[in-house]
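Chains as they are written, first to last, in our numbering: chain A, 119 to 225; chain B, 1292 to 1413.
Worksheet: one structure, shown below.
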Amino acid sequence: DIQMTQSPSSLSASVGDRVTITCRASQSISNYLNWYQQKPGKAPKFLIYAASSLQSGVPSRFSGSGSGTDFTLTISNLQPEDFATYYCQQSSSTPPTFGQGTKVEIK
Amino acid sequence: QVQLVQSGAEVKKPGASVKVSCKASGYSFTDYHMHWVRQAPGQGLEWMGWINPNSGGTNYAHKFQGRVTMTRDTSISTAYMELSRLRSDDTAVYFCARERASDWNYSYFDYWGQGTLATVSS
């Protein structure tokens, strides 16, 4: 199975900040990488697929990049509703696997 | 609009089974694979398997093989996930999630159910 490792596990940031979350795959996954946002008590919400393609309706302050084994999710101009936990997920091979999550907290 | 509505919370004793339903609406149920993902309290997301609602074919994570059964009833656009021989560490929120595949075979979970908490306790 492909292991996905996110860093950091948590971070504190202020409204208006630029935040970057890293996701690393244990082997090359090309750009078969998705990102999700999860708020407490809610289901994950799909944000980005193919490493950098934004789902319709997702604000443009979210962006993704990377290929191979190293990927990033960037949130520019952090908004109050962005405080949540973010997960990466690889869809290169079965089983699909998730990173352990990165919690973005209010500073 | 696409909706996945899951059944309510369950409390089970160790060794019992739990069956969770996921009713789909707003799209053609048989056109998309349905996956099940679970999340233990305070933990991350763990994939359990998928069912092809059209054929009934399934693919389970190795960890759950022999304990999980995914079925569907196309007449009511509902998918089911049954987990047997429950242990305390099966306590988790169980989600159904629709798989969407785009060009170049990029797949992702675009819609999720609200989650069903299954508590395993003696």
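Beta carbons: idealized from backbone N, C-alpha and C, even for Gly.
Express the C-alpha separation of residue j and residue i in angstroms, rounding to a whole number.
{"i": "A/N149", "j": "A/Q218", "result": "19 Å"}
{"i": "B/R1389", "j": "A/S183", "result": "24 Å"}
{"i": "B/A1315", "j": "B/S1368", "result": "5 Å"}
Shortest alpha-carbon distance to residue i belongs to which of the options?
{"i": "B/K1310", "options": "B/E1373, B/S1316, B/D1401 and B/Y1385", "result": "B/E1373"}
{"i": "A/P214", "options": "A/Y205, A/K221 and A/T220", "result": "A/Y205"}
{"i": "A/T190", "options": "A/L165, A/T212, A/L151 and A/I139", "result": "A/I139"}
{"i": "B/T1360", "options": "B/S1379, B/K1303 and B/S1308", "result": "B/S1308"}
Could you pull the start and end residues of the beta strand (DSSP E) that residue i belongs to?
{"i": "B/E1301", "result": "E1301 to K1303"}
{"i": "B/D1380", "result": "No beta strand (DSSP E) holds B/D1380; DSSP gives it neither H nor E."}
{"i": "B/K1310", "result": "V1309 to S1316"}
{"i": "A/S211", "result": "Premise fails: A/S211 is in no beta strand (DSSP E) and is neither H nor E."}
If we define contact as Cβ-Cβ less than 8 Å, is residue i a contact residue for chain B?
{"i": "A/F180", "result": "no"}
{"i": "A/P126", "result": "no"}
{"i": "A/Y204", "result": "no"}
{"i": "A/T123", "result": "no"}
Report the neighbours of residue i on chain A: residues whose CB is nearer than 7 Å to its CB, in chain order.
{"i": "B/W1243", "result": "No answer is possible for residue 1243 of chain B: it lies beyond the span of chain B, which begins at 1292 and ends at 1413."}
Determine, using beta carbons only, whether residue i comes closer than 8 Å to chain A.
{"i": "B/L1374", "result": "no"}
{"i": "B/S1393", "result": "yes"}
{"i": "B/S1298", "result": "no"}
{"i": "B/F1400", "result": "yes"}
{"i": "B/G1406", "result": "yes"}
Which chain A residues are close to residue i, counting only those with a beta carbon under 8 Å from its beta carbon?
{"i": "B/G1335", "result": "Y205, F216, G217, Q218 and G219"}
{"i": "B/N1350", "result": "T212"}
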